[in-house]
Amino acid sequence: MAGGRVFNLQLPEYPSTKDTIAMWLEKDGCGPGAQPAPARLDLDDDVPGVDTQPVSYRGCKDGVTVDLWTEAGGSHVPHPSRAGLVALGAWMTSHPKHGR
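Numbering-wise, the numbering used here puts 149 at position 41 of the sequence shown, and it's gapless, one number per residue.
Dropping the structure here:
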């Protein structure tokens with residue numbers, strides 16, 4: 109996904125998804141290669157069927173992972189399904205803030 113501007117405001121362009129992931133991989137000292145999740149998710153009620161593929165980059169310093177969830181066919185702001193909310197909650201509780 110490409111970067112761009114927010115509401116055509118005179119702010120610096122935001123980076124693309126690829127550039128953002130690369131930045132976090134470098135900051136967190138991660139190894140190469142994405143590991144897809146065992147199953148795709150039905151994250152968005154507005155998109156029929158299974159729509160989201162999570163991937164994790166592991167091998168980062170201090171046990172950190174860099175994760176990217178890519179939704180096919182959705183909008184910028186998803187309308188989470190019940191299963192999507194459960195998956196998001198599970199991901200957040202399994203990834204506590206580092207140092208806590």
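Beta carbons are placed, not taken as given, at the ideal position from N, Cα and C, and that holds for glycine.
Rounded C-alpha distance that separates A147 from L117: Roughly 39 Å separates the two Cα atoms.
Length of the line joining the Cα atoms of V172 and D153: Here the alpha carbon of V172 sits roughly 30 Å from the alpha carbon of D153.
Proximal residues to P188 (C-beta, below 8 Å), its chain only, five neighbours per side dropped: Around P188: L151, D152, D153, L196.
C76 versus P144: straight-line alpha-carbon distance, rounded: Outside the shown range of the chain (109 to 208) lies residue 76, about which nothing can therefore be said.
Closest Cα partner of D136 within the set Y165, W177, P120, D159: Measuring from the Cα of D136, the nearest candidate turns out to be Y165.
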